[in-house]
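So the sequence lines, in the order shown, correspond to chains P and X.
Be aware that the first sequence starts at 215, since it is given in this note's numbering, and climbs by one per residue.
Be aware that the second sequence starts at 215, since it is given in this note's numbering, and climbs by one per residue.
Number of protein chains: 2
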Amino acid sequence: MSKHFYEDFAVGDTSETGRYRVSMDEALAFARAYDPQAFHLDAAAAEASFFKKLVISGWQTAAITMRLLVDLRKAEGGELIGMGVDELRWTAPVAPGDELHVTSEVVDIKPWPGGKPRGIVRFRNETINQDDLVVMTHIANAIVPKRTTS
Amino acid sequence: MSKHFYEDFAVGDTSETGRYRVSMDEALAFARAYDPQAFHLDAAAAEASFFKKLVISGWQTAAITMRLLVDLRKAEGGELIGMGVDELRWTAPVAPGDELHVTSEVVDIKPWPGGKPRGIVRFRNETINQDDLVVMTHIANAIVPKRTTS
């Protein structure tokens with residue numbers, strides 16, 4: 215089903231992405247670039263940390279979540295332009311080797327202020343691991359074009 | 215000044231990170247991995263997009279923000295463990311070549327429920343480009359250990 219335009223969405227719509235397995239190499243590369251803390255880079259140091267094991271950066275979990283959602287939206291014929299995010303929570307750690315997917319539900323739809331030819335669709339997204347444990351939740355506010363531009 | 219423990223923070227504390235210039239190569243690598251949409255990957259296609267030019271993924275802006283904050287906290291003797299994020303907003307596009315820095319203000323401090331030896335420090339962070347334009351804002355909720363564990 216095409217999900218390109220504002221008019222294509224309804225509150226309560228749900229969808230599910232494909233799967234993404236994060237490798238140790240990818241975890242270390244992301245941590246070196248964007249989150250160089252011992253519990254993301256060094257297995258021995260990580261055992262003595264808050265997490266008790268090497269875990270990936272929460273921002274990498276967010277980036278993987280975006281990748282999964284972009285692939286889903288592209289398959290539906292749309293794009294994904296973020297305005298912002300509310301209530302993002304990292305609810306469980308993610309380790310290299312874990313496989314993630316995302317479920318997405320439309321929770322609100324509203325026109326853009328001022329009659330612009332676009333609107334805001336709010337999604338509640340859950341990022342879930344291979345054991346069905348929710349590792350991240352957030353509300354995404356997306357900018358979606360209207361079909362009619364009059 | 216050491217900023218390792220919960221007791222080291224006070225509401226109203228402000229700090230500023232170093233600077234980070236994002237290159238075209240880094241922008242394309244991130245987009246290919248995590249946000250493969252035309253307005254992040256193809257300059258010609260980007261001109262016809264919502265953004266009118268090639269821009270970096272908002273999640274890369276978030277990742278760069280984390281890198282700048284981690285470097286700041288490491289210099290202060292601490293680490294940065296995120297519990298979650300509220301009210302993240304991408305307020306202006308970021309293009310390859312832009313140079314970002316972050317200002318951070320402590321807006322709330324509260325003990326962890328149940329008397330655990332840690333607390334939650336809330337920071338209001340602004341990510342700012344080389345023209346002093348705010349490109350991203352968010353509230354970060356960080357888990358910070360207490361000095362006394364009794």
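Just so it is clear, CB atoms sit at the ideal spot from N, CA and C, and this is done for glycine as well.
Bear in mind that the values here come from a model prediction, so they are computed numbers and not experimental data.
Here Leu302 of chain X is buried. Its C-beta has 16 or more other C-beta atoms within 10 Å. Closest in alpha carbon position to Glu240 of chain X, among P:Leu242, P:Ala241, P:Ala247, is P:Ala247.
Fewer than three Cβ pairs drawn from the region 258 to 270 of chain X and the region 292 to 299 of chain X lie within less than 8 angstroms of each other, which leaves the two stretches out of contact. Here the C-alpha atom of Gln274 of chain X lies approximately 25 angstroms from the C-alpha atom of Ser229 of chain P.
Neighbourhood of Ala224 of chain X in chain P, by CB distance below 9 angstroms: empty, with the nearest CB roughly 23 angstroms away.
Neighbours of Trp304 of chain P across chain X, judged by C-beta separation under 8 angstroms: Gly296, Met297, Gly298. Judged by DSSP secondary structure, Lys288 of chain P falls outside any beta strand (DSSP E) and instead within the alpha helix (DSSP H) spanning 272 to 289.
Here the alpha carbons of Arg336 of chain X and Glu340 of chain P stand approximately 23 angstroms from one another. Annotated as distal: His315 of chain P and Leu268 of chain P, with beta-carbon spacing of 9 angstroms or more. The beta-carbon of Met238 of chain P is placed no less than 9 angstroms from the nearest beta-carbon of chain X. Residue pairing by DSSP places Phe253 of chain P in no beta bridge whatsoever. By the rule that beta-carbons nearer than 9 angstroms mark a contact, Ala276 of chain P touches chain X. Going by beta carbons, Asp346 of chain P and Ile334 of chain P fall outside the 9 angstroms limit. The Cβ of Trp273 of chain P sits closer than 9 angstroms to at least one Cβ of chain X.
Around the Cβ of Gln344 of chain X, a 10 Å sphere holds fewer than 16 other Cβ atoms; the residue is exposed. Put simply, of P:Lys324, P:Val308, P:Ala252, P:Ala354 the residue whose alpha carbon is nearest the alpha carbon of Arg235 of chain P is P:Val308. Taken atom to atom, the span from the alpha-carbon of Arg361 of chain X to that of Lys324 of chain X is near 14 angstroms. One alpha carbon belongs to Gly232 of chain P, the other to Ala276 of chain P, and they sit about 15 angstroms apart. Burial is judged here by how many other beta carbons sit within 10 angstroms of a residue's own beta carbon; Ser237 of chain P has fewer than 16 and is exposed. Under the 9 angstroms criterion on CB atoms, Asp256 of chain X is classed as non-interfacial with respect to chain P. Interface flag for Tyr220 of chain X against chain P is unset, since no Cβ pair is found closer than 9 angstroms. Per DSSP, reduced to three states, the secondary structure at Glu313 of chain P is strand.
Note on Gly311 of chain P: under 16 other CB atoms within 10 angstroms of its CB, so exposed under the neighbour-count rule.
In terms of Cα proximity to Glu313 of chain P, the closest of P:Pro331, P:Thr279, P:Pro327 is P:Thr279. In the three-state DSSP reduction, Glu301 of chain P falls in the strand class (E or B). Nearest Cα to Lys288 of chain P within the set X:Val225, X:Asp285, X:Trp304, X:Asp249: X:Asp249. About 6 angstroms separates the beta carbon of Pro359 of chain X from that of Phe219 of chain X, a gap short enough to meet the 8 angstroms contact definition. With fewer than 16 other Cβ atoms inside 10 Å of its own Cβ, Gly329 of chain X counts as exposed. The DSSP-derived three-state label of Arg246 of chain P is helix. Taking each of X:Val225, X:Asp227, X:Ala356, X:Phe223 in turn and checking the Cα distance to Gly298 of chain X, the smallest one comes out for X:Ala356. If you draw a 10 Å sphere on the C-beta of Ala224 of chain P, you find fewer than 16 other C-beta atoms in it, and that means exposed.
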